[in-house]
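Single-structure report; data block below.
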Amino acid sequence: MDASVSKDDQQQQRHVFRRRHRLPSSIYALVFDAKLRKSRGAITLHLRPNGLDEHRLGLSIGRRFGNAVRRGRFKRHMREVFRLRRSELPTPRTGGCYDIVVTARAHDEASLAAYAAWFTEAALAAHRVHEKRSVRSEPGDD
Numbered sequence: 002m003d004a005s006v007s008k009d010d011q012q013q014q015r016h017v018f019r020r021r022h023r024l025p026s027s028i029y030a031l032v033f034d035a036k037l038r039k040s041r042g043a044i045t046l047h048l049r050p051n052g053l054d055e056h057r058l059g060l061s062i063g064r065r066f067g068n069a070v071r072r073g074r075f076k077r078h079m080r081e082v083f084r085l086r087r088s089e090l091p092t093p094r095t096g097g098c099y100d101i102v103v104t105a106r107a108h109d110e111a112s113l114a115a116y117a118a119w120f121t122e123a124a125l126a127a128h129r130v131h132e133k134r135s136v137r138s139e140p141g142d143d
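Going by the working numbering, the letters in the sequence shown line up with residues 2 to 143, in that order.
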């Protein structure tokens, strides 16, 4: 281990998916009710600003997606994409981060890179919509 790299630096370089990055089940309905969603490929991202310091991820994958093995594999892929791309996700200009719920349609399995591209593109598109909505809802200079 390199002595010049402190333990704090090592923690910041590591990408981990901790309990605090999971979206509590009681918040899913609030995210869906925010009506801010974007689809790319076979996945749909639902976003809602949360006012917290970190993005949180929820997964809502129904039985129509496939059997338990396929659903589990897809969820592992989505958690991995979130873990690796979390630091690149946009944040609302009002502060805080986003609660994100991923839903998916049945599809042939894609590569992790394809899932990452879909996830990132959908998150950026939803962020742009949120920013437009927040500008419109602010009182103007009349």
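The beta-carbon is built from N, C-alpha and C at its ideal position, and this holds for glycine as well.
| query | result |
| --- | --- |
| DSSP has Lys39 in a bridge; who is on the other side? | Leu46 |
| Where DSSP assigns a beta bridge to Leu58, which residues make up the other side? | Arg23, Ile101 |
| Which term fits Gly59, buried or exposed, when burial requires 16 or more other beta carbons within 10 angstroms of its beta carbon? | buried |
| So what does DSSP say about Asp109, is it helix, strand or coil? | coil |
| Roughly how many angstroms separate the alpha carbons of Ala35 and Val70, rounded to a whole number? | 31 Å |
| When the Cα of Ala123 is compared with those of Ala105, Asp109, Ser112, Asn51, which residue comes out closest? | Ala105 |
| Counting contacts by CB-CB distance shorter than 8 Å, is Arg20 in contact with chain C? | The structure shown contains no chain C; it is built from a single protein chain. |
| Within the continuous alpha helix (DSSP H) that includes Arg72, where are the two ends? | 69-86 |
| Three or more beta-carbon pairs under 8 Å between the region 14-32 and the region 48-59, yes or no? | yes |
| Just the Cα atoms here: how many angstroms apart are Met2 and Phe66? | At Met2 the pLDDT is 44, less than 50, meaning the model places this residue with poor confidence; the figure from the coordinates comes in the next sentence. Approximately 44 Å, taken between the alpha carbons. |
| What separation, rounded to the nearest whole angstrom, lies between the Cα atoms of Ile62 and Leu24? | 14 Å |
| What do you reckon, are the CB atoms on His56 and Tyr116 nearer than 8 Å? | no |
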